[in-house]
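If you count by my numbering, then the sequence shown holds residues 16 to 128, one letter each, in order.
Take a look at the structure below.
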Amino acid sequence: MTASLAHQLGELRLRVERLEAEARELRDALTALAQEHAITRESVRIFTELVDDVRAELGAARGDVHQVQLALQRHMTDEARDRRRQLVGSMTATISTLGTLAVLLWSVGRGGG
């Protein structure tokens, strides 16, 4: 019976050693997983900051685009006003010329008739 107890004790020791080895492996895996988790959290934090920066830049760009649109509208309005003034000036000059031409034709017509 002593041999049998010694044998059982030896098997129990082997089981304990295997359990301790598995526990070490699990602890090592858990430590590695915790490190990977920390790296992932840091990556997510950096990515979130980048997204926030992109959002801020996009907001600023939208503001810039709006300012450009307003400036373009003002420019187009000013240009249309200038063209209208040019047209009015040309029409005034044409009407004045036609008036002068009409007076000359009337004068020529009176002198010839």
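For every residue, glycine included, the Cβ atom is placed at its ideal position computed from N, Cα and C.
For residue 109 and residue 89, what's the separation of their Cα atoms in angstroms?
30 Å
For a cutoff of 7 Å on Cβ pairs, would you count residue 94 as touching chain B?
Absent from the structure: chain B. Only one protein chain is present.
Whole-angstrom distance between residue 114 and residue 4, CA atom to CA atom:
Look at the range of the chain in this structure, 16 to 128, and you will see that residue 4 is not part of it.
Please report how far the alpha carbon of residue 73 lies from the alpha carbon of residue 82, in whole angstroms.
14 Å
Distance between residue 21 and residue 58 (C-alpha atoms, nearest Å)
55 Å
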